[in-house]
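As structure tokens, the structure follows; a few thoughts come after it.
Protein chains in written order, with our numbering: chain E, 1 to 112; chain Z, 1001 to 1114.
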């Protein structure tokens, strides 16, 4: 069965530092990959998605992710963290219409 | 404004007392879904609906019911809530449920069953 693993339930960075949130998937067929962000007391919002084409995907708020098939990874990065990036981030994968699987989430803390 | 609206935001109830969490979307989306979010487990799908009168089980459907009588509404029903259903619930929708569509989420319902 398909699954998604997010390494690190909590990540803490200083303001201005690189953000790296890790996501690995398990599957033998091409996946469609998503990153969602959840700000406190809100629902999830789509940050970016990979379906086909260019493997480096740019999203909102300066985030980007690269699909690496050989590593079965879709890590999320941002060059310089901002206080407003503090949130919970979810990686998700799907292969067909109805079966989107979410990772357990990574809570990002940004220190001043 | 395009949105998914859930009510209530917070709900405290007792074991066995039937409750309904409402979900409504104003985007004419065909696909709607319910998730529960638990610490360390991420989001798990409870039920989904591809269109009016079409519903199907997700990963954790036990103890829940849904109905889709109108396109815009997709209520979640707990006939006899139990403490293990204490969780944060999200309703979501998308245009047609295709794999490459983004999901629009409601703001969540925090349910506590005592």
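Virtual Cβ for every residue (Gly too), placed ideally from N, Cα, C.
It should be emphasised that the depicted structure is a prediction, and the values quoted were computed from it without experimental measurement.
Problem set entry | Among Z:1022, Z:1113, Z:1029, Z:1034, nearest to residue 1101 of chain Z - alpha-carbon criterion | Indexing the second chain from 1 puts residue 1101 of chain Z at position 101. It is Z:1029 whose Cα lies nearest to the Cα of residue 1101 of chain Z.
Within 10 angstroms of the Cβ of residue 29 of chain E, are there 16 or more other Cβ atoms? Answer buried if so, exposed if not. Numbered from its first residue, the first chain carries residue 29 of chain E at position 29. It counts as exposed.
**OP:** Give a yes or no on whether the minimum CB-CB distance between residue 104 of chain E and chain Z is below 9 Å.
**Re:** Translated into positions along the first chain, residue 104 of chain E becomes position 104. Taking Cβ atoms only, chain Z reaches closer than 9 Å to residue 104 of chain E, which makes this a yes.
Exercise for the section: List the residues of chain E whose Cβ lies closer than 8 Å to the Cβ of residue 1026 of chain Z, in chain order. Expected result: Numbered from 1 along the second chain, position 26 holds the residue referred to as residue 1026 of chain Z. Here the premise fails: no neighbours, minimum Cβ distance about 15 Å.
List, in order along the chain, the chain Z residues whose C-beta lies closer than 9 Å to that of residue 8 of chain E?
By 1-based counting over the first chain, the position of residue 8 of chain E is 8. Correct list: empty, because the minimum Cβ distance to chain Z is about 12 Å.
- Query: Where do the N-terminal and C-terminal ends of the beta strand (DSSP E) with residue 75 of chain E fall, by residue?
  - Reply: As a working mapping, residue 75 of chain E is identified with position 75 in the first chain. Start and end: 73–78.
- request: Give me whichever residues DSSP pairs with residue 82 of chain E in a beta bridge.
  value: What you label residue 82 of chain E is simply residue 82 of the first chain in a count that begins at 1. Answer is none; residue 82 of chain E lacks a bridge partner.
Could you check whether the segment 1073–1081 of chain Z touches the segment 1020–1035 of chain Z, counting it as contact only if at least three pairs of C-beta atoms, one from each stretch, sit closer than 8 Å? yes
Practice prompt. Just confirm the distance between the C-beta atoms of residue 36 of chain E and residue 74 of chain E, as a whole number of angstroms; I'd bet it's less than 8 Å.
Written response: Locating residue 36 of chain E in the first chain gives position 36, where the first residue counts as 1. Locating residue 74 of chain E in the first chain gives position 74, where the first residue counts as 1. With a Cβ gap of about 12 Å, residue 36 of chain E and residue 74 of chain E do not count as contacting.
*asked:* Let me check understanding here. Comparing Cα to Cα, which of Z:1053, Z:1081, Z:1051 lies closest to residue 1061 of chain Z?
replied: Working through the second chain from its first residue, we reach residue 1061 of chain Z at position 61. Per the Cα distances, Z:1081.
task: Quick one: using the 10 Å Cβ neighbour count with 16 as the cut-off for buried, is residue 109 of chain E buried or exposed?
output: Taking the first residue of the first chain as 1, we reach residue 109 of chain E at position 109. By the neighbour-count rule (16 or more Cβ atoms within 10 Å), residue 109 of chain E is not buried but exposed.
Other residues of its chain near residue 1016 of chain Z: CB distance less than 6 Å, five sequence neighbours each side excluded
As a position in the second chain, residue 1016 of chain Z is number 16, starting the count at 1. Closer than 6 Å at Cβ, skipping near neighbours: 1080.
Practice prompt. Examine chain E for any beta-carbon lying closer than 9 Å to the beta-carbon of residue 1044 of chain Z, and answer yes or no.
Written response: Taking the first residue of the second chain as 1, we reach residue 1044 of chain Z at position 44. Taking Cβ atoms only, chain E reaches closer than 9 Å to residue 1044 of chain Z, which makes this a yes.
| message | Looking only at its chain, what residues have a beta carbon closer than 8 Å to the beta carbon of residue 1011 of chain Z, apart from the 5 residues adjacent to it on each side? | response | Along the second chain, one-based indexing puts residue 1011 of chain Z at 11. Closer than 8 Å at Cβ, skipping near neighbours: 1019, 1021, 1109, 1110, 1111, 1112.
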